[in-house]
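Inspection log for the structure reproduced underneath, given as structure tokens.
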């Protein structure tokens, strides 16, 4: 009897055997939808949940398309033109969710809260040009949605460098702060300063390689930013096809504004142009320095063309 009672006690206090964490994860659902659900579950525990459903049936949702860059490539123009389509709902400001750590730590629920209300048939789009050149971003976007459709707008890399400088220059001028001349950034010890951040941002092939580790080329549509400026309608038609949108944007939606020197938009009788900060004149640069810039980008551009299987009409590339 004593032996029986001792055995019963040992049975009660014996710890239960539970499978290890690795064993549990062997059968875990790792689909994009499950990743989103898990991340949302975690963030809803940390953040105050905001109601994202409107009484008219619209709701906030994660974007299905992101304009990932490039900075000073024409991302704002692309977003404004794409917004002409009734099936597009666009976030108004640059969210910087995937590249700013303090934003990313807020979780997916915070990200959703930055999105516009949209209907089920609409595609939600956000644009943050810094995504393209940020090393951590491709993997983070992939972990959120492996099926994401990405838009990348590029322009002549030398022109992009000059636009990059021009934007920062005017930002300083508006604050009445002095800013060095572009030559002081482009030249170091008598040679081209290849450490200048604006030049690094124009090395498209390096950044593209990082994105292609996670997304196949058919998930990334490259918009020719130079052609978008000169003749926007054909480029927007290609974007419509890539996003599988019905053809709703027409040539009549664009008109050339002679005063501003670029195309503006016409939507349901209303005319609107990009902000006055767009299309600013670039600084005058010595011809020999420009030639050095074009020469420097020749090989990187060639690598980029081979990577994406197409060429662009850029000054720094001459077919051999």
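In mature numbering (1 follows the signal peptide of the UniProt record, and there is no 0), the protein residues as written are -20 to -1, 1 to 300.
Backbone N, C-alpha and C fix where the C-beta goes; we use that ideal spot for every residue, glycine too.
Around the C-beta of residue 124, are 16 or more other C-beta atoms found within 10 angstroms, so that it is buried, or is it exposed? As a position in the chain shown, residue 124 is number 144, starting the count at 1. It is buried - the Cβ of residue 124 has at least 16 other Cβ atoms within 10 Å.
For the 8 Å Cβ check, are there 3 or more pairs between the stretch 36 to 54 and the stretch 97 to 105? yes
So residue 51 packs on residue 204, CB below 8 Å; how close in whole Å? For the purposes of this step, residue 51 is taken as the residue at position 71 of the chain shown. For the purposes of this step, residue 204 is taken as the residue at position 224 of the chain shown. About 16 Å separates the two Cβ atoms, so there is no contact after all.
Is it the case that the stretch 101 to 120 contacts the stretch 244 to 256, given that we only count it when at least three CB pairs across the two stretches are under 8 Å? no
Identify whether residue 149 lies in helix, strand or coil by the three-state DSSP scheme. Here residue 149 refers to the residue found at position 169 of the chain shown. If DSSP states are grouped into helix, strand and coil, residue 149 belongs with the helices.
In chain order, which continuous runs of the beta strand (DSSP E) of length 3 or greater are located wholly inside the stretch 107 to 194? 129 to 134
Could you give the C-beta distance for residue 130 and residue 200, rounded to a whole number, given that I count them as a contact under 8 Å? The count along the chain shown starts at 1 and reaches residue 130 at position 150. The count along the chain shown starts at 1 and reaches residue 200 at position 220. With a Cβ gap of about 5 Å, residue 130 and residue 200 count as contacting.
Please report the straight-line C-alpha distance between residue 277 and residue 206, rounded to a whole angstrom. On the chain shown, residue 277 is found 297 positions in, with the first residue counted as 1. On the chain shown, residue 206 is found 226 positions in, with the first residue counted as 1. Taking the straight line from one Cα to the other gives about 17 Å.
First through last residue of the beta strand (DSSP E) which encompasses residue 219: Translated into the one-based positions of the chain shown, residue 219 becomes position 239. No beta strand (DSSP E) contains residue 219, which is instead part of the alpha helix (DSSP H) from 212 to 222.
Which of helix, strand or coil DSSP assigns to residue 98: Taking the first residue of the chain shown as 1, we reach residue 98 at position 118. Looking at residue 98 - three-state DSSP - the assignment turns out to be strand.
In the structure shown, what three-state DSSP assignment does residue 290 receive? By one-based count along the chain shown, residue 290 stands at place 310. Looking at residue 290 - three-state DSSP - the assignment turns out to be coil, as it is neither helix nor strand.
Is it the case that the stretch 222 to 234 contacts the stretch 54 to 70, given that we only count it when at least three CB pairs across the two stretches are under 8 Å? yes
For residue 188, count the other beta carbons within 10 Å of its own beta carbon; 16 or more makes it buried, fewer makes it exposed. Which is it? Within the chain shown, numbered from 1, the residue matching residue 188 stands at position 208. By the neighbour-count rule (16 or more Cβ atoms within 10 Å), residue 188 is buried.
Under 8 Å by Cβ, that's how I've got residue 61 and residue 216 pegged, so tell me the actual separation to the nearest angstrom. Position 81 of the chain shown holds residue 61. Position 236 of the chain shown holds residue 216. Sure, about 5 Å apart at Cβ, within 8 Å.
Can you have a look at residue 236 and say buried or exposed, based on whether 16 or more other CB atoms are within 10 angstroms of its CB? Position 256 of the chain shown, counting from 1, holds the residue named residue 236. Per the 10 Å Cβ criterion, exposed.
Give me the Cα-Cα distance between residue 196 and residue 289, rounded to the nearest whole angstrom. Taking the chain shown and counting its residues from 1, the one referred to as residue 196 is at position 216. Taking the chain shown and counting its residues from 1, the one referred to as residue 289 is at position 309. Whole-angstrom Cα-Cα distance: 13 Å.
Residues near residue 231 in its chain [Cβ-Cβ closer than 6 Å; skip 5 each side]: Locating residue 231 in the chain shown gives position 251, counting from the first residue. Only 213 meet the Cβ criterion.
Identify, in the order they occur along the chain, each residue of the same chain with its Cβ nearer than 6 Å to the Cβ of residue 142, setting aside the five sequence neighbours on each side. Looking up residue 142 in the chain shown gives position 162. 262, listed in sequence order.
C-alpha distance - residue 77 paired with residue 112, whole-angstrom precision: Here residue 77 refers to the residue found at position 97 when the chain shown is read from its first residue. Here residue 112 refers to the residue found at position 132 when the chain shown is read from its first residue. Taking the straight line joining both Cα atoms gives about 13 Å.
Measure the C-alpha to C-alpha separation of residue 87 and residue 93 and round it to an integer number of angstroms. Your numbering for residue 87 matches position 107 in the chain shown. Your numbering for residue 93 matches position 113 in the chain shown. Distance between the alpha carbons of residue 87 and residue 93 is about 10 Å.
Can you tell me the Cα-Cα spacing of residue 33 and residue 49, whole angstroms? Sequence index remark: in the chain shown, residue 33 carries index 53 (1-based). Sequence index remark: in the chain shown, residue 49 carries index 69 (1-based). Taking the straight line from one Cα to the other gives about 30 Å.
With DSSP collapsed to three states, give me the class of residue 93. Numbered from its first residue, the chain shown carries residue 93 at position 113. In the structure shown, residue 93 sits in a helix (DSSP, three-state: H, G or I).
Burial state of residue 127, where buried means 16 or more other Cβ atoms lie within 10 Å: Numbered from its first residue, the chain shown carries residue 127 at position 147. The residue is exposed, with fewer than 16 neighbouring Cβ atoms inside 10 Å.
Counted within 10 angstroms of its Cβ, other Cβ atoms place residue 176 as buried (16 or more) or exposed: On the chain shown, residue 176 is found 196 positions in, with the first residue counted as 1. Label assigned to residue 176: buried.
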